[in-house]
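Chemist: Chains as they are written, first to last, in this note's numbering: chain A, 102 to 305; chain B, 1003 to 1179.
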Amino acid sequence: MGRSALEENKVGHSSDGVTDDALIMRPAGLLSVFGAFLNIGLCGFGGGLVWAHRVVVGRRRWLSEQEFAELLSLAQFMPGPNIASLTVCIGARLRGLPGALVALAGFIVIPWMIGFGLGVLLLRHADNVVLANTLTGVSAAAAGLMIGTGLRLLLPHRTRPIALMFAALALALAVFAKWPLLAVLLALTPLSIATAAYQGGRAP
Amino acid sequence: MSEPAATVSLTVHLGVLSLLSFGGIPTVLPDLRDFVVATNGWVSDRDFANFFAVVQSVPGPNMILMMSFIGWKVGGLAGAIACALATFGPSCTVVFVIHGLWDRFRAAPWQRIVRRGLAPVTIGLVIAGGIAMAGASTTGWPTLVVTAAAMALVLGTRLSPLWALIAGGAFGALDLL
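(1) Among A/Ala278, A/Ile209 and A/Thr296, which one has its Cα closest to the Cα of A/Gly265?
(2) Of all Cβ atoms in chain B, is any one closer than 8 Å to the Cβ of A/Leu223?
(3) Would a C-beta distance cut-off of 8 Å place B/Val1156 and B/Gly1170 closer than the cut-off?
(4) Do you know offhand how far A/Cys190's Cα is from A/Met179's?
(5) Flag this pair as touching only if the stretch 222-231 of chain A and the stretch 1053-1069 of chain B have three or more C-beta atom pairs under 8 Å; answer yes or no.
(6) Below 7 Å CB to CB, which residues in the same chain sit around A/Gln177 once its five sequence neighbours on both sides are set aside?
(7) For A/Ile209, tell me which candidate among A/Arg194, A/Asn229 and A/Ser186 has the shortest Cα-Cα distance.
(8) Quick check on DSSP: helix, strand or coil for A/Ala123?
(9) Taking Cβ positions, are B/Ile1027 and A/Gly181 nearer each other than 8 Å?
(10) Taking only beta-carbon atoms, is A/Pro199 less than 8 Å away from chain B?
(11) Using only CA atoms, which one of A/Ala129, A/Phe138, A/Phe267 and A/Phe277 lies nearest to A/Arg196?
(12) From A/Ser240 to B/Ile1168, what does the alpha carbon distance come to, in whole angstroms?
(13) Which residues of chain B have a Cβ atom closer than 7 Å to the Cβ of A/Arg155, listed in chain order?
(14) For A/Glu168, which of helix, strand or coil comes out of DSSP?
(15) Tell me, to the nearest whole angstrom, how far the beta carbon of A/Phe135 is from that of A/Val203; I am working on the premise that it is less than 8 Å.
(16) Just the Cα atoms here: how many angstroms apart are A/Ala123 and B/Ile1083?
(17) Do A/Leu173 and B/Pro1163 have their beta-carbon atoms positioned less than 8 Å apart in this structure?
(18) Residue range of the alpha helix (DSSP H) that B/Thr1089 falls in?
(19) Measuring only the C-alpha atoms, how far is A/Leu236 from B/Gly1131?
(20) Under 8 Å between C-beta atoms, does A/Val239 make it to chain B?
(21) Are the beta-carbon atoms of B/Gly1081 and B/Thr1009 separated by less than 8 Å?
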């Protein structure tokens, strides 16, 4: 991540990614798209979201925070594994159909082989205490990484109390009321979009 | 129980579920469990829970791996590969088409508003996912410390998240958690 604090600030204060694209977009070659998503797939313990954000926004600077959040929203709504949907959206945004195919291949083929092999091994040794304890530690860390990534995505919205309120509401419905993801999306996004429309109408 | 008919039936069922799984694969897990455990008896309840736990702790696409393990149990390696393809193939095709439509209207004023409205809810759900994972993996305050430290690493440093995963695994292996 070589982004300067100043630049981060600039990105952070915009209300929408569109105007910032020229500032931070880097051209993406197909080979490097494949490599990036291979990296994301291989490191993606507990889901690839943490790594997708780190690689695509942080290290390669292919997308702004806002664009990443936008594609993530799209992926959450759509059918199928969310992270695979996100991979297709990012690949398509960067390089169209070839980009989507290459990103998906990078994300799935080799990581699947490794994950499947490791998984079979783990299932055979499910009663090994050291192994089980190690995995407990890994998933505790993975959980923290995911919470931290979510908070980072929230940073650009910190000046909008209403946005923070909707994020808190979504969190509460999912964690405490245990609503499924789609129910939370369907209940909150109409309200959240209506609020954004109302505010957008008044904003200069 | 590696009969081809069962593999085909499972693969087709997964393909359909994948297309219907608006909001992600976890939304159809209860239905899938009914189909493979209760209706067909291909995997036991314990297997199902084990698969879920294992895919959280290996790298790679975890829901696709979850389906692959079910396929593996029913139809061996061929079953595993067929089920993996069924899980993401149909849905990713739909996603690509929808993204194309969405992208076409990127500059439209309504889409800027929709984007602004969607983002906070999406982000709240990401944090919720992390909290749910922390809840599932916690065995007391030491695991919560690991979770908090990993969170701080992402927020406050530019270190690779890999360090958090390695440290967490090492503490676990040394039986400190």
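Where a beta carbon is used, it is the ideal one built from N, C-alpha and C, also for glycine.
Modeler: Short version:
(1) For the purposes of this step, residue 265 of chain A is taken as the residue at position 164 of the first sequence. Reading off the sequence, residue 265 of chain A comes out as Leu, not Gly. For A/Leu265, the nearest C-alpha among the options comes from A/Thr296.
(2) In the first sequence, counting from the first residue as 1, residue 223 of chain A sits at position 122. It does: the Cβ of A/Leu223 has a partner Cβ on chain B nearer than 8 Å.
(3) In the second sequence, residue 1156 of chain B corresponds to position 154, counting from 1. In the second sequence, residue 1170 of chain B corresponds to position 168, counting from 1. Cβ distance not < 8 Å, so B/Val1156 and B/Gly1170 don't count as in contact.
(4) Residue 190 of chain A sits at position 89 when you count from the first residue of the first sequence. Residue 179 of chain A sits at position 78 when you count from the first residue of the first sequence. If you take the alpha carbons of A/Cys190 and A/Met179, they lie about 11 Å apart.
(5) yes
(6) As a working mapping, residue 177 of chain A is identified with position 76 in the first sequence. Result list for A/Gln177: Asn183, Leu282 and Leu286, in chain order.
(7) Taking the first residue of the first sequence as 1, we reach residue 209 of chain A at position 108. The shortest C-alpha separation from A/Ile209 is found at A/Ser186.
(8) As a first step, residue 123 of chain A is located in the first sequence; it is residue number 22 there, counting from the start. With a pLDDT of only 44 at A/Ala123, under the threshold of 50, the placement of this residue in the model should not be trusted; the figure read from the coordinates follows. A/Ala123: helix per DSSP, three-state reduction.
(9) In the second sequence, counting from the first residue as 1, residue 1027 of chain B sits at position 25. In the first sequence, counting from the first residue as 1, residue 181 of chain A sits at position 80. It is a contact, given that the beta carbons lie within the stated cut-off.
(10) Position 98 of the first sequence, counted from the start, is the residue given in the question as residue 199 of chain A. Chain B, which has no Cβ nearer than 8 Å to the Cβ of A/Pro199, makes this no.
(11) Here residue 196 of chain A refers to the residue found at position 95 of the first sequence. Among A/Ala129, A/Phe138, A/Phe267 and A/Phe277, the Cα nearest to that of A/Arg196 belongs to A/Ala129.
(12) As a position in the first sequence, residue 240 of chain A is number 139, starting the count at 1. As a position in the second sequence, residue 1168 of chain B is number 166, starting the count at 1. The alpha-carbon atoms of A/Ser240 and B/Ile1168 are separated by roughly 11 Å.
(13) Looking up residue 155 of chain A in the first sequence gives position 54. The answer, in chain order, is Pro1163.
(14) Residue 168 of chain A sits at position 67 when you count from the first residue of the first sequence. Looking at A/Glu168 - three-state DSSP - the assignment turns out to be helix.
(15) Walking along the first sequence from the start, residue 135 of chain A turns up at place 34. Walking along the first sequence from the start, residue 203 of chain A turns up at place 102. Rounded, the Cβ-Cβ distance is 5 Å, consistent with contact.
(16) Against the first sequence, residue 123 of chain A aligns to sequence position 22. Against the second sequence, residue 1083 of chain B aligns to sequence position 81. Low confidence applies here, because A/Ala123 scores a pLDDT of 44, under 50, leaving its location unreliable and the question unanswered by this model.
(17) Translated into the one-based positions of the second sequence, residue 1163 of chain B becomes position 161. Translated into the one-based positions of the first sequence, residue 173 of chain A becomes position 72. Taking C-beta atoms as the reference points, B/Pro1163 and A/Leu173 fail to come closer than 8 Å.
(18) Within the second sequence, the letter at position 87 stands for residue 1089 of chain B. It spans Asn1064 to Arg1106 - the alpha helix (DSSP H) in which B/Thr1089 sits, taken as one unbroken run.
(19) Counted from its first residue, the first sequence places residue 236 of chain A at position 135. Counted from its first residue, the second sequence places residue 1131 of chain B at position 129. Roughly 18 Å between the two C-alpha positions.
(20) Counting from 1 along the first sequence, the entry for residue 239 of chain A is found at position 138. Interface residue, yes.
(21) Taking the first residue of the second sequence as position 1, residue 1081 of chain B is located at position 79. Taking the first residue of the second sequence as position 1, residue 1009 of chain B is located at position 7. Their beta carbons are under 8 Å apart, which means B/Gly1081 touches B/Thr1009 by this criterion.
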